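Accompanying notes for the structure given below.
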């Protein structure tokens, strides 16, 4: 009896044969970063993510001391890398821009047109260079003219109306100084006047040519019929006592130099024989002549 009564007390005083099992560790996280140690070894210094809240203590009625379902745990954050340093490099201000006019851009010319223009320009340049080289080699020189004779005949002057009628016979000696070029004179025009008045007689002459080194005499007659002569120019004519009078003989023509198939452009040539003294033969004479050696004339080409 005593033995049976003491058994319950002994069972309560001594611990059970099988110790109480410890609650199992919390389940592994279902998502998030794995637990990594802190870079500096301090677990409390590392930042962590929190899903909801810290895990609550075991529920009073939970079997075997397990945690409640749906509890989230914190996880360490990924290592933080600072951004690279920013260096400020000042840029110079942009240059001022000219005022912009809103114009539609011109389309570029076609390639075939550019090639055609380049070919035309090249041809002109080559032609000009060839002409210049030929001109340097041939070197055209202006012809030389001299007055060899000048005579007046049938001179009749009327003081009442200051008119003159006369015939002028002149001869010019033309010399071509070029040894390789020929000269052709087109549309020659001769004139005569009392210096310094305007021409009183003009005549057209026939064209003529000169070979290299050729010399030609050009003779012509100019007839004056009732031409007006000023008082100063007609003073020797009014006195009737003879004397000398100044005469101008001029020639104008278009000259062209050529050698074979090469020709120069047309040039206007002017021959001026000014201040030629014509002396009357005697008192009340109707004839006068140029006395002296050939007179060199000025040539403008």
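Residue numbers (the working numbering): -3 to 297. For glycine and all other residues, C-beta sits at the position ideal for the given N, C-alpha and C. This one's a predicted model, so the numbers in the text were calculated from it and none came from an experiment.
Secondary structure at residue 108: helix, using DSSP grouped into helix, strand and coil. By the CB criterion at 8 Å, residue 163 and residue 149 fall inside the cutoff. The beta carbon of residue 185 is closer than 8 Å to those of 198, 199, 200, 201, 247, 248 and 249 in its chain, skipping five residues each way along the sequence.
Assigned with DSSP and collapsed to three states, residue 267 falls in strand. Under the three-state reduction of DSSP, residue 207 is assigned to coil, being neither helix nor strand.
In this structure, DSSP gives residue 225 a state outside helix and strand, which the three-state scheme calls coil.
Buried is the label assigned to residue 151, since at least 16 other Cβ atoms lie within 10 Å of its Cβ. The way I'd put it, the segment 213 to 223 doesn't touch the segment 267 to 274; fewer than three beta-carbon pairs between them come closer than 8 Å. Shown here for residue 193: same chain residues with a beta carbon closer than 8 Å to its own, the five before and five after excluded, namely 225, 226 and 229 in chain order. In the three-state scheme derived from DSSP, where H, G and I count as helix and E and B as strand, residue 242 is classed as strand.
Straight-line spacing of the CA atoms in residue 266 and residue 287 works out to 24 Å.
Sixteen is the threshold: since fewer than 16 other Cβ atoms of the shown chains lie within 10 Å of the Cβ of residue 80, the residue is exposed. Closest in alpha carbon position to residue 147, among 292, 293 and 282, is 282. In terms of Cβ geometry, residue 124 and residue 175 do not form a close pair [threshold 8 Å]. Residue environment for residue 188: buried (at least 16 other C-beta atoms within 10 angstroms of its C-beta). Scanning 167, 92 and 262 for the CA closest to the CA of residue 291 turns up 167. Secondary structure at residue 119: helix, using DSSP grouped into helix, strand and coil. Straight-line spacing of the CA atoms in residue 171 and residue 155 works out to 41 Å.
Assigned with DSSP and collapsed to three states, residue 125 falls in helix.
When DSSP states are grouped into helix, strand and coil, residue 160 belongs to the strand group. Distance check between residue 159 and each of 196, 114, 262 and 243 places 196 closest, using alpha-carbon atoms only.
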